[in-house]
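Visitor: I am attaching a structure below and will ask some questions about it afterwards.
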Amino acid sequence: MKQPLYQNLYLQVRDEILSGRISDGMRLPSIRQMTRDYSVSRTTVETAYEQLCADGLVTCVPQSGYYVNSLPKRPSRTEQAPSPCAPQTPEIRYDFSGKTLDAGSFDFTIWRRLSRAAMSEQNYFLRYGETQGEYALREQISKYLSAGRGVYAQPQNIVVSAGIQSLLSILCEMFDKTQMRIAFEDPGFRKGHRIFADHGYETVFVAGSSTGINLEELEESKANMVYLSPSHSFPYGATIPHRKRIQLMQWAKRRNAIVFEDDYDGELRYTGKPLATLSGLDEDGRVIYLGTFSKLLPPSIRISYAVLPDRLLPLYQAIADQYNQTSSTIEQLTMARFMEEGRLERQVRRLRRIYARKNACIEDSVERYFGTRAAIRPNDTGMHVILSLHGVYDAKELRDRAEEEGIRIVPMSSYRMGHQIGATTDFYLSSAGISEQDIAPAIRRLSEIW
1 MKQPLYQNLY
11 LQVRDEILSG
21 RISDGMRLPS
31 IRQMTRDYSV
41 SRTTVETAYE
51 QLCADGLVTC
61 VPQSGYYVNS
71 LPKRPSRTEQ
81 APSPCAPQTP
91 EIRYDFSGKT
101 LDAGSFDFTI
111 WRRLSRAAMS
121 EQNYFLRYGE
131 TQGEYALREQ
141 ISKYLSAGRG
151 VYAQPQNIVV
161 SAGIQSLLSI
171 LCEMFDKTQM
181 RIAFEDPGFR
191 KGHRIFADHG
201 YETVFVAGSS
211 TGINLEELEE
221 SKANMVYLSP
231 SHSFPYGATI
241 PHRKRIQLMQ
251 WAKRRNAIVF
261 EDDYDGELRY
271 TGKPLATLSG
281 LDEDGRVIYL
291 GTFSKLLPPS
301 IRISYAVLPD
311 RLLPLYQAIA
321 DQYNQTSSTI
331 EQLTMARFME
341 EGRLERQVRR
351 LRRIYARKNA
361 CIEDSVERYF
371 GTRAAIRPND
381 TGMHVILSLH
391 GVYDAKELRD
401 RAEEEGIRIV
411 PMSSYRMGHQ
421 IGATTDFYLS
431 SAGISEQDIA
441 PAIRRLSEIW
């Protein structure tokens with residue numbers, strides 16, 4: 001029997017309270033805010049809150065709101081006595097790493113319904129999945145990219161896999177690695193670099209700037225491949241302007257080069273329309289467009305994809321039979337239904353609102369609690385910002401000190417691959433895995449321990 005929506009919301013908030021992620025005395029989001037954030041009715045939220053009050057977890061204060069009651073500490077499974085050899089890891093209360101998703105950012109009720117519907121198509125589950133990805137999903141991706149990203153590709157040009165690393169492992173086998181040298185922007189996507197290095201490619205590092213990869217260094221590197229994120233470079237967030245994109249495509253033509261365009265969060269732009277892709281400028285079949293749903297859905301739903309130009313498609317087809325599909329068939333079919341119903345566009349709009357608010361909250365909190373000691377780099381795309389401490393510090397020591405206090409934060413030096421660390425101490429702060437009401441307390445605590 002299907003569980004009522006209010007029960008899902010009640011269980012979700014209850015678990016947040018019992019786990020300590022919502023602390024004693026904290027005010028719960030207003031009914032109006034919950035109604036907007038979770039796309040449910042006012043009655044649904046009120047019923048969930050009334051059940052929390054009946055359980056003694058929450059108290060309703062008239063004209064003020066709902067507040068979490070003080071509760072006796074309940075030991076969890078993880079609080080059993082550790083073995084003498086097992087190191088104790090601090091409990092993480094505030095997570096800025098980007099490796100988790102805030103529960104309020106996704107409606108699991110819809111996904112469960114679509115998953116059950118997909119399961120009714122039993123014939124799909126009596127065989128291995130299509131090597132290139134289920135056609136129903138590739139067809140939806142084709143429509144989605146055409147409408148939203150200006151990438152025009154037929155389903156036969158799309159390859160689906162479980163995550164970008166799995167996808168890159170296949171794409172690496174398309175080329176003669178003894179003849180290829182690939183350039184990576186530094187700092188950048190270390191795990192992507194690891195895949196190419198493990199497959200025997202010669203790799204070089206090229207510095208980034210406020211307008212993206214340094215084209216002069218790229219020219220001097222003698223690379224004939226490049227991996228970059230032109231719409232929102234990872235992790236510093238630079239955007240390559242149109243004129244520089246044209247120059248990049250001219251470089252690719254002169255060098256007969258391949259460009260891997262990783263558009264990992266291009267949809268999450270908060271001011272104006274999402275930027276056009278390099279793939280949309282590609283006239284010679286040199287750009288391999290890479291996309292993922294890991295930033296829009298819970299990251300445990302492992303679906304990424306590549307768009308191969310017609311010129312490169314035969315190279316993939318020559319090796320395709322050597323690999324089985326790594327992405328779950330049921331997740332692919334569920335995703336296809338999710339997109340067909342227009343749910344993905346709604347999810348993108350929802351996340352734009354949520355992350356724009358959260359990122360602004362981080363910026364406001366840093367200004368309030370750090371003052372002139374730190375600053376946030378402006379960022380109008382994506383789910384993370386960069387916190388810069390003025391002066392030179394030991395970033396690892398600061399990270400460890402934060403983790404001891406239950407705050408997980410990632411030094412930007414973790415993403416450097418070849419260049420020297422700069423004159424400031426920078427940290428990557430993702431708003432994906434932290435609730436909006438937890439941001440200010442987390443930043444305040446950071447300012448105290450730093």
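When we follow this note's numbering, the leftmost residue of the sequence shown carries the number 1, and every step to the right adds one.
Every residue, glycine too, gets a C-beta built ideally from N, C-alpha and C.
Could you give the distance in angstroms between the alpha-carbon of residue 442 and the alpha-carbon of residue 393?
Guide: Whole-angstrom Cα-Cα distance: 20 Å.
Visitor: Between the alpha carbons of residue 155 and residue 58, how many angstroms are there, rounded?
Guide: If I take the Cα positions, the gap works out to 51 Å.
Visitor: I'd like the list of long-range same chain contacts for residue 449, defined as Cβ closer than 7 Å, with 5 residues on each side in sequence excluded.
Guide: Around residue 449: 401, 402 and 405.
Visitor: Comparing alpha-carbon positions, which option in 22, 23, 46 and 24 lies nearest residue 33?
Guide: Minimum Cα distance to residue 33 is reached at 46.
Visitor: Which runs of the beta strand (DSSP E) fall wholly inside the region 374-417 and span at least 3 residues, in chain order?
Guide: Counting only runs of 3 or more, we get 374-376 and 384-389.
Visitor: Rounded to whole angstroms, what is the Cα-Cα separation between residue 344 and residue 109?
Guide: Approximately 14 Å between the Cα atoms of the pair.
Visitor: Of the residues 5, 122 and 60, which one's Cα is nearest the Cα of residue 39?
Guide: Of the listed residues, the one whose Cα sits closest to residue 39 is 5.
Visitor: So is residue 327 buried or exposed if we call it buried at 16+ other beta carbons inside 10 Å?
Guide: So residue 327 ends up on the buried side.
Visitor: With the cut-off set at 7 Å, would you say residue 235 and residue 415 are in Cβ contact?
Guide: Cβ atoms of residue 235 and residue 415: closer than 7 Å.
Visitor: Could you name the residues of the same chain whose beta carbon sits closer than 6 Å to that of residue 27, not counting the 5 residues immediately before and after it, in chain order?
Guide: The residues are 65 and 67.
Visitor: Closest by CA to residue 256, which one among 226, 438 and 213?
Guide: For the residues 226, 438 and 213, the minimum Cα distance to residue 256 belongs to 226.
Visitor: So for residue 260, helix, strand or coil by DSSP?
Guide: Strand.
Visitor: Among residues of its own chain, excluding the 5 on either side of residue 446, which ones have a beta-carbon nearer than 7 Å to its beta-carbon?
Guide: Only 402 and 407 meet the Cβ criterion.
Visitor: Between residue 276 and the rest of its own chain, which residues show a CB-CB distance below 6 Å, the 5 nearest in sequence each way excluded?
Guide: Cβ neighbours of residue 276 beyond the five flanking positions: 150.
Visitor: Are the region 201-212 and the region 235-244 touching by the rule of at least three beta carbon pairs closer than 8 Å?
Guide: As far as the Cβ criterion goes, the region 201-212 touches the region 235-244, which means the pair count is three or higher.
Visitor: Should residue 471 and residue 287 be called a contact, given that it needs their Cβ atoms to be closer than 7 Å?
Guide: Only positions 1 to 450 of the chain appear in this structure, which leaves residue 471 out of reach.
Visitor: Where do the ends of the beta strand (DSSP E) carrying residue 225 lie?
Guide: Unbroken beta strand (DSSP E) run through residue 225: 225-228.
Visitor: Can you check whether the CB of residue 145 is closer than 7 Å to the CB of residue 336?
Guide: No, Cβ-Cβ distance for residue 336 and residue 145 is not below 7 Å.
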